[in-house]
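Shown next, in structure tokens, is the structure this report addresses.
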Amino acid sequence: MSGKYATETLDVDEGGIARAAQILRDDGLVAVPTETVYGLAARADSDAAVARIYRAKGRPSFNPLIVHVASLEQARSLAEISPEAEQLAARYWPGPLTLVLPRRRNAGLSAAVTAGLDTLALRMPSHPAMRLLLESTGLPIAAPSANRSGFISPTSPAHVLASLDGRIDAVLDGGECERGLESTIAAVRADGSVEVLRPGPIALEAGGSSGERIEAPGQLASHYAPGKPVRLDATQVAPDDFMIGFGSVQGDCTLSARGDLAEAAARLYACLHEGARSDKPRIAIAPIPERGIGIAINDRLRRAATPAD
Ligand code: TXA
Ligand code: MG
Numbered sequence: 010m011s012g013k014y015a016t017e018t019l020d021v022d023e024g025g026i027a028r029a030a031q032i033l034r035d036d037g038l039v040a041v042p043t044e045t046v047y048g049l050a051a052r053a054d055s056d057a058a059v060a061r062i063y064r065a066k067g068r069p070s071f072n073p074l075i076v077h078v079a080s081l082e083q084a085r086s087l088a089e090i091s092p093e094a095e096q097l098a099a100r101y102w103p104g105p106l107t108l109v110l111p112r113r114r115n116a117g118l119s120a121a122v123t124a125g126l127d128t129l130a131l132r133m134p135s136h137p138a139m140r141l142l143l144e145s146t147g148l149p150i151a152a153p154s155a156n157r158s159g160f161i162s163p164t165s166p167a168h169v170l171a172s173l174d175g176r177i178d179a180v181l182d183g184g185e186c187e188r189g190l191e192s193t194i195a196a197v198r199a200d201g202s203v204e205v206l207r208p209g210p211i212a213l214e215a216g217g218s219s220g221e222r223i224e225a226p227g228q229l230a231s232h233y234a235p236g237k238p239v240r241l242d243a244t245q246v247a248p249d250d251f252m253i254g255f256g257s258v259q260g261d262c263t264l265s266a267r268g269d270l271a272e273a274a275a276r277l278y279a280c281l282h283e284g285a286r287s288d289k290p291r292i293a294i295a296p297i298p299e300r301g302i303g304i305a306i307n308d309r310l311r312r313a314a315t316p317a318d
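Position 95 of the sequence shown, counted from 1, bears residue number 104 in our numbering, the numbering being contiguous throughout.
Dropping the structure here:
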């Protein structure tokens with residue numbers, strides 16, 4: 010896809026991080042590796058930069074962004090961190106947990122980041138390249154997954170370029186993402202209760218997983234879509250299926266032959282990307298056990314299988 014940018018690929022070294030930091034300071038867009046998926050980063054305190062994220066992704070303006078921070082102190086300057094939220098942050102940050110918290114007014118964030126909500130989604134990532142960028146810029150960084158809105162999330166630079174080449178300034182090449190699924194999103198309520206809004210790598214006891222029931226209007230059931238029909242819980246392969254296997258069910262791409270759910274999570278989007286690219290008109294996916302990270306895998310698969318309207 011060609012656009013008005015020549016998208017640079019940057020190495021994760023001193024020069025690459027410095028260049029990425031400069032692009033961000035100048036209101037540009039850089040796809041960055043995180044431990045979950047690649048994020049499309051822009052400075053969260055700039056209206057122009059945040060507007061570019063929505064434009065590059067084709068994302069509806071009512072769908073708010075996660076803001077990434079380097080420290081708890083920076084998080085405190087942007088949102089109100091209750092004792093319950095503080096406990097979760099102490100336990101899981103840096104890492105794949107996003108907390109939805111009451112936002113502070115006048116924190117200097119672009120209004121488009123929160124899409125008119127009174128809450129703010131915050132995450133402190135653990136990936137070393139993303140941490141270096143956060144620390145070297147000192148900026149709060151908004152970063153949704155680095156894919157066109159509604160399509161498959163990226164876990165490699167090639168996945169990012171498959172949908173955003175020419176639409177963003179650069180991609181910072183950190184190789185493949187370790188976890189492979191987006192962060193768990195948990196809202197911490199005023200009464201201290203915790204509700205899981207999106208299941209992910211961190212299984213929280215409280216709330217239970219209610220699916221990605223995002224409190225922004227119009228959150229779409231169809232998401233992560235490979236652009237062709239997807240059949241779940243498949244144990245038989247039809248001739249026109251691109252089969253995604255798991256355990257004893259072998260596939261054209263197999264999530265984990267030994268039935269390991271963490272390995273399956275890390276490979277899920279790569280297999281979906283491969284299925285999307287293949288000549289086969291359909292994708293079929295073996296049953297995935299509904300436990301642990303399997304809950305988040307099945308959540309993403311159900312959305313991938315829901316046709317867009
Ligand atoms: O692992 C991740 O979370 C990745 C990496 C890049 O950090 N990011 C990510 O962003 O998955 P995105 O934009 O693809 O998904 C963020 C989700 C969206 O469904 C959005 O609606 C929801 O978070 N969200 C953002 N702010 C929210 C808020 N204040 N309340 C409820 N949901 C919110
Ligand atoms: Mg996304």
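We put the CB at the ideal spot given by N, CA and C, even for glycine. These numbers come from a predicted model, not from an experiment.
For P166, the first and last residue of its enclosing alpha helix (DSSP H): 166 to 173
CA nearest to the CA of S119, picked from D22, W102, L129: Of the listed residues, the one whose Cα sits closest to S119 is L129.
Identity of the residues DSSP links to S154 by a beta bridge: The partner list for S154 (beta bridge, DSSP) reads G48.
Within 8 Å, strictly: CB atoms of A313 and A230: It is not a contact, given that the beta carbons lie outside the stated cut-off.
Test item: CB-CB of L181 and G48 under 8 Å: no
Cutoff 6 Å; reference L19; Cβ partners in own chain excluding five residues on either side: G25, R28, A29, A179, L181
Terminal residues of the alpha helix (DSSP H) in which R291 lies: Run containing R291: none in the alpha helix (DSSP H); it sits in the beta strand (DSSP E), 291 to 294.
Alpha carbon of Q74 to alpha carbon of S265, nearest angstrom: Strictly speaking, residue 74 in this sequence is Leu, with Gln absent from that position. L74 and S265: Cα-Cα distance of roughly 31 Å.
Sheet register partners of L108 (DSSP bridge): L131, A195
Sub-8 Å separation of V41 and M139 beta-carbons: yes
8 Å Cβ cutoff met for S91 and V197: yes
Residue-level contact to chain D via CB, V41, 8 Å cutoff: Of the protein chains in this structure there is only one, and it is not chain D.
Contact test: S154 Cβ vs the ligand TXA heavy atom, cutoff 7 Å: yes
Contact under 8 Å by Cβ, Y278 with P105: A distance of 8 Å or more separates the beta carbons of Y278 and P105.
Local Cβ density within 10 Å of D250, reported as buried at 16 or more and exposed below that: Buried, by the Cβ-count rule.
When Q245, N72, P238, G175 are compared against S287, the one with the closest alpha-carbon: P238
R132 CB to nearest heavy atom of the ligand TXA below 7 Å: Indeed, a heavy atom of the ligand TXA lies less than 7 Å from the Cβ.
Length of the line joining the Cα atoms of R176 and R291: 28 Å
Coarse secondary structure for L19, derived from DSSP in three states: strand
V205 to L213 span [Cα, whole Å]: 8 Å
Contact under 8 Å by Cβ, I294 with G303: no
Proximity below 8 Å, CB of A195 to CB of V78: Contact: no.
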